[in-house]
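Visitor:
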Ligand SMILES: Nc1ncnc2c1ncn2[C@@H]1O[C@H](COP(=O)(O)OP(=O)(O)OP(=O)(O)O)[C@@H](O)[C@H]1O
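In the numbering used here, the protein residues as written are 38 to 274.
1) Quick check on residue 145 - is its C-beta less than 7 Å from some C-beta in chain D?
2) Could you name the residues that DSSP lists as bridge partners for residue 237?
3) Please work out which residues of its chain come closer than 7 Å, Cβ to Cβ, to residue 226, disregarding the five sequence neighbours upstream and downstream, and give them in chain order.
4) When DSSP builds the beta bridges, which residues end up paired with residue 219?
5) What is the DSSP secondary structure of residue 97, reduced to helix, strand or coil?
6) Over what stretch of residues does the beta strand (DSSP E) that includes residue 109 continue unbroken?
7) May I have the straight-line CA-CA distance separating residue 247 from residue 239, to the nearest angstrom?
8) With a threshold of 6 Å (Cβ to nearest heavy atom), would residue 41 be considered close to ligand 1?
9) Does ligand 1 have a heavy atom nearer than 6 Å to the CB of residue 48?
10) Alpha carbons only, please: which of 166, 122 and 186 is nearest the one belonging to residue 148?
11) Does the Cβ of residue 251 have 16 or more other Cβ atoms within 10 Å, making it buried, or fewer, making it exposed?
12) In the DSSP assignment, find the alpha helix (DSSP H) that holds residue 47 and state where it starts and stops.
13) Report the partner residues of residue 52 according to the DSSP bridge assignment.
14) Considering only the beta carbon of each residue, do residue 41 and residue 58 sit closer than 7 Å?
Structural data, given as structure tokens:
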């Protein structure tokens, strides 16, 4: 169970999040909102990577900002750009890193790396150089690295942008099969239409919260309305 209590975050004078409170236990949750609305900041708070200026983010009663070990075990995060995530020269080292951080021995980590690669039919990638992979292949490596750590919750921050349609469809299929709970940040209503719940963040506030069938038509209508204007002065920041 994810519990946010009055979470506020200021970044360089900008109120990126303003008093967000919510409880979430659904298996699949989408987060929508326009550019600069605070979605990535929210993802970082939930993963314990951003300490809120006020309020707290807890998963199963553990405070993500204060208990880094619990945060590592509980939440995996997949960012939009895999180049910001990948740091190791080979695929196996990249996937092993999180496991070693969780306290696995090198031998245990190596076994678990093999297991996850085999699960995705990518055993032959083990010693492949990460810099030689395409964007979609890198994104799959990041997903495997997150899944290998078996977190209870996976936060996806626009993981499909920049991928071609077949790669996106394949990755979406992999993600749909994942046991862990998913919180998926996106601009694309289609990718969360089959989810259990959607949360709309606007100017750092929780604007609406409901089922996709209730919320997405409102969201799309508002996006079209804003898109019809030439004025970008209301864009956050
Ligand atoms: N490091 C930072 N310093 C100052 N302001 C920041 C910083 N990071 C984010 N912001 C501001 O905080 C607000 C929320 O940013 P955030 O990245 O969370 O939005 P977002 O909804 O994820 O946007 P996008 O959809 O464009 O990725 C924006 O106004 C942004 O300019």
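All residues carry an ideal CB built from backbone N, CA and C; glycine is no exception.
Guide: Reading from the atomic positions:
1) Reference to chain D is not applicable here, since this structure consists of a single protein chain.
2) 69 and 245
3) Around residue 226: 69, 253, 256 and 257.
4) 65 and 191
5) In this structure, DSSP gives residue 97 a state outside helix and strand, which the three-state scheme calls coil.
6) For residue 109, no beta strand (DSSP E) run applies; the uninterrupted alpha helix (DSSP H) run containing it begins and ends at 105-111, by DSSP.
7) Cα atoms of residue 247 and residue 239: separation of roughly 15 Å, rounded to the nearest angstrom.
8) no
9) yes
10) 186
11) Exposed, because fewer than 16 other Cβ atoms sit within 10 Å of the Cβ of residue 251.
12) From DSSP, residue 47 is part of no alpha helix (DSSP H) but of the beta strand (DSSP E) over 39-48.
13) 47
14) yes
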